[in-house]
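If you're matching positions, the sequence shown starts at 26 in my numbering and goes up one per residue. A virtual CB, placed ideally from N, CA and C, is assigned to each residue, including glycine. Written below as structure tokens is the structure these notes are about.
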Amino acid sequence: MRKRQIVKIDEELCTGCGECVLPCAEGAIQIIDGKARVVREELCDGAGFCIGVCPEGALSIEVREAPDFDESAAKKASRSRDEKGERFIRQSCYLCSSDETEAPLLPVRHKGESRWVCTRCLPRLIHG
Ligand code: SF4
Numbered sequence: 026m027r028k029r030q031i032v033k034i035d036e037e038l039c040t041g042c043g044e045c046v047l048p049c050a051e052g053a054i055q056i057i058d059g060k061a062r063v064v065r066e067e068l069c070d071g072a073g074f075c076i077g078v079c080p081e082g083a084l085s086i087e088v089r090e091a092p093d094f095d096e097s098a099a100k101k102a103s104r105s106r107d108e109k110g111e112r113f114i115r116q117s118c119y120l121c122s123s124d125e126t127e128a129p130l131l132p133v134r135h136k137g138e139s140r141w142v143c144t145r146c147l148p149r150l151i152h153g
């Protein structure tokens, strides 16, 4: 194992609400005994797009030893969730609140935050 970015869950803050489970496209997070857990570290790509959905601030990204991200297993898990109809969570632009039915959304990392921004607001983000 080598060190890499991966999601960290603060058990003290986690209420087990489950809001983070579906936004994890790869299915790396599940609720076990009332708390969110990373059940398969190889499915977490460390992108951090689950962070913004946690109402308690219990999710963050840390660097620690973990199995390498397994893209093939993550795609398989993602397809499986699609087939079960479990995966679609509507996201919205953090600048204008347009959702993905109104404009394409792109993931961005900025000042340690993982956010979604729509293509209409992207120029404003780039040029200020
Ligand atoms: S969204 Fe936050 S509080 Fe809710 S289960 Fe996930 S980590 Fe816990």
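Here the C-alpha atom of R134 lies approximately 13 Å from the C-alpha atom of S85. The beta carbon of C39 is closer than 7 Å to those of K60, A61, E81, A83 in its chain, skipping five residues each way along the sequence. Annotation for I34: the continuous beta strand (DSSP E) segment containing it runs 27 to 34. Taking the Cα of K28 as reference, the smallest distance to any Cα among R145, E90, T126, A99 is reached at E90.
Annotated as distal: V63 and A50, with beta-carbon spacing of 7 Å or more.
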